[in-house]
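J.: In my numbering, the protein residues as written are 1202 to 1537.
Below is one structure. I have some questions about it.
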Ligand code: NAD
Ligand code: WQD
């Protein structure tokens, strides 16, 4: 079975390529490297001892993408490629809408023309907007608060409509909660550009001495210790969720969306403590005001994925911190 992976050189994509190769799939990556480095794919080969094919191409180049499909004739597609920074999407909405939505429409059109009709799509818990109820289930109301989230929601709607129009498509959207951690080899991991927006990469960079102090955004939420609570999921558990989705895709009818989370909420302060323990480093922090657009608490009800995909997250917060630290200390400058 051959899987075409868009965005496969990126953070979650590279970890998924490892698990695909370990599971015996043939892998073809299409990535324009706008937010990644080809070295990640060299490391994927090193970890697995297996090969994969790489095309440096942009999903906006419809004709080139079609050529790749005609050459490769994949059985299924996993679609990671997209821009993902919430703040940046507010500043540059048209760039986000064009890259994420036009890129996806091009992909779907090429898939339709080349008769490839199995797709697993990277969605996000961001589609639940500011849900005040936890744990979050798939049938909760969907809405968004920023252009990035809007692209995920619009793409889910497009995919649903594609299936409604032609039921020979099989499409699964996986709604990730907070992906963190790294492969245990320390060879691949998250490599953000500039100042990290997300908690774990920032904490890791404080631990390794690249940043002085973490700002904790608010300690007055109605949570265990007043700081934000999130469902941090190990990227390897997440990657394995894609393998399960591919295993089941032929058996599902039409369009399905699944939460990929642990079902467990961890606060910012709990995360800092766990990272200090795993790294043996002090994480200096200061409490500052809430970050605009944040909610106090968000965690998944992952029982649907457990029941229908046979998937469950197994790795702990300790594993997450140990593996993130192993990656950070061995690659203080990321892939550069
Ligand atoms: P990433 O930026 O590391 O990976 C995305 C990859 O897509 C990059 O390698 C980038 O170069 C590529 N890409 C972007 N636009 C492209 C285009 N037009 N053509 C070809 N390649 C293109 O991000 P990630 O963290 O690995 O996220 C993967 C997917 O998961 C994204 O769709 C993201 O929105 C989604 N997601 C991520 C998170 C998270 O916190 N990391 C959470 C929920 C959902
Ligand atoms: C987690 C907690 C912050 C940084 C984002 C996107 C979401 C999804 C995953 C793509 C919150 C606090 C953070 C810092 C802090 N991405 N924090 N200091 O906001 O839950 O989700 O990434 O789909 O769409 O919005 O993740 O890691 O930014 O924040 O105190 O420097 O850490 O306030 O409580 P978030 P995060």
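We put the beta carbon where it would ideally sit given N, CA and C, even for glycine.
For clarity, every value in this text was computed on a predicted model and none was experimentally measured.
Given that a residue counts as buried once 16 or more other Cβ atoms are within 10 Å of its Cβ, and exposed if not, what is residue 1365?
T.: Mapped onto the chain shown, residue 1365 falls at position 164. Result: exposed.
J.: With respect to 6 Å, is the separation between the Cβ of residue 1495 and the closest non-hydrogen atom of the ligand WQD below this value?
T.: Counting from one through the chain shown, the residue named residue 1495 turns up at place 294. Residue 1495: yes, Cβ under 6 Å from the ligand WQD.
J.: Could you have a look at residue 1233 and say whether DSSP puts it in helix, strand or coil?
T.: What you label residue 1233 is simply residue 32 of the chain shown in a count that begins at 1. The answer is coil: DSSP assigns residue 1233 none of H, G, I, E or B.
J.: Between residue 1336 and residue 1506, how many whole angstroms is the CB-CB distance? I'm expecting something under 8 Å.
T.: Within the chain shown, residue 1336 is the residue found at index 135, counting from 1. Within the chain shown, residue 1506 is the residue found at index 305, counting from 1. About 13 Å separates the two Cβ atoms, so there is no contact after all.
J.: Please name the residue or residues paired with residue 1461 in a DSSP beta bridge.
T.: Walking along the chain shown from the start, residue 1461 turns up at place 260. Looking at the DSSP assignment, residue 1461 forms a beta bridge with 1377.
J.: Check residue 1322 in the structure and name its three-state DSSP category.
T.: By 1-based counting over the chain shown, the position of residue 1322 is 121. It is a strand residue.
J.: What whole-angstrom Cβ distance do residue 1461 and residue 1434 have, given they're in contact under 8 Å?
T.: Along the chain shown, read from residue 1 onward, the residue named residue 1461 stands at position 260. Along the chain shown, read from residue 1 onward, the residue named residue 1434 stands at position 233. Confirmed, about 6 Å.
J.: Is residue 1270 close to the ligand NAD? I mean its beta-carbon at under 6 Å from any heavy atom of the ligand.
T.: Taking the chain shown and counting its residues from 1, one reaches residue 1270 at position 69. No, the Cβ of residue 1270 stays beyond 6 Å of every heavy atom of the ligand NAD.
J.: At a cut-off of 6 Å, would you count residue 1325 as near the ligand NAD, judging by its Cβ distance to the nearest heavy atom?
T.: Indexing the chain shown from 1 puts residue 1325 at position 124. Under cutoff, so the answer is yes.
J.: Could you check which residue in 1467, 1244 and 1379 has the C-alpha nearest to that of residue 1424?
T.: Here residue 1424 is taken as the residue at index 223 of the chain shown, counted from 1. Selected option, being the one with the closest Cα: 1467.
J.: Output needed for residue 1455: all residues of its chain with C-beta closer than 7 Å, excluding positions within five of it in sequence on either side, in chain order.
T.: Here residue 1455 corresponds to residue number 254 of the chain shown, with the count starting at 1. The answer, listed in chain order, is 1364 and 1368.
J.: What are the uninterrupted segments assigned as beta strand (DSSP E) that are 3 or more residues long and contained completely in the region 1322–1409, given in chain order?
T.: Counting only runs of 3 or more, we get 1371–1377 and 1379–1381.
J.: Our contact map puts residue 1207 next to residue 1260 with C-beta atoms below 8 Å; I'd like the distance itself, whole angstroms only.
T.: Locating residue 1207 in the chain shown gives position 6, counting from the first residue. Locating residue 1260 in the chain shown gives position 59, counting from the first residue. Right, the Cβ-Cβ distance comes to about 6 Å (below 8 Å), so this counts as a contact.
J.: Based on the DSSP secondary-structure assignment, which residues constitute the bridge partners of residue 1540?
T.: No information on residue 1540 is available, as it lies outside the stretch 1202 to 1537 that the chain covers here.
J.: Residue 1313: buried (16+ other C-beta within 10 angstroms of its C-beta) or exposed?
T.: Reading the chain shown from its first residue, position 112 is the one you call residue 1313. That one is exposed.
J.: For residue 1574, report the span of its beta strand (DSSP E) as first-last.
T.: Lying before the first or after the last residue shown, residue 1574 is absent from the chain, which here runs from 1202 to 1537.
J.: Going by C-alpha to C-alpha distance, which of 1329, 1276 and 1517 sits closest to residue 1375?
T.: In the chain shown, the residue the question calls residue 1375 occupies position 174. When each option's Cα is compared against that of residue 1375, the closest is 1329.
J.: Give the DSSP bridge partners of residue 1431, in chain order.
T.: Counting from 1 along the chain shown, the entry for residue 1431 is found at position 230. The partner list for residue 1431 (beta bridge, DSSP) reads 1467.
J.: Return the residue from the list 1234, 1331, 1510 and 1474 that minimises the CA-CA distance to residue 1439.
T.: Position 238 of the chain shown, counted from the first residue, corresponds to residue 1439. It is 1510.
J.: Excluding the 5 residues preceding and the 5 following residue 1386 in the sequence, name in chain order all residues of the same chain whose CB lies nearer than 7 Å to its CB.
T.: Start at 1 with the first residue of the chain shown, and residue 1386 comes out as number 185. Closer than 7 Å at the Cβ level, and outside the excluded window around residue 1386, lie 1248.
J.: Can you tell me whether residue 1400 sits near the ligand WQD, meaning its C-beta is under 6 Å from at least one heavy atom of the ligand?
T.: Translated into the one-based positions of the chain shown, residue 1400 becomes position 199. At least one heavy atom of the ligand WQD is nearer than 6 Å to the Cβ of residue 1400, so yes.
J.: How long is the line joining the alpha carbons of residue 1497 and residue 1331, rounded to whole angstroms?
T.: Locating residue 1497 in the chain shown gives position 296, counting from the first residue. Locating residue 1331 in the chain shown gives position 130, counting from the first residue. Rounded to the nearest angstrom, the two C-alpha atoms are 9 Å apart.
J.: Roughly how many angstroms separate the alpha carbons of residue 1459 and residue 1384, rounded to a whole number?
T.: Here residue 1459 corresponds to residue number 258 of the chain shown, with the count starting at 1. Here residue 1384 corresponds to residue number 183 of the chain shown, with the count starting at 1. Approximately 23 Å, taken between the alpha carbons.
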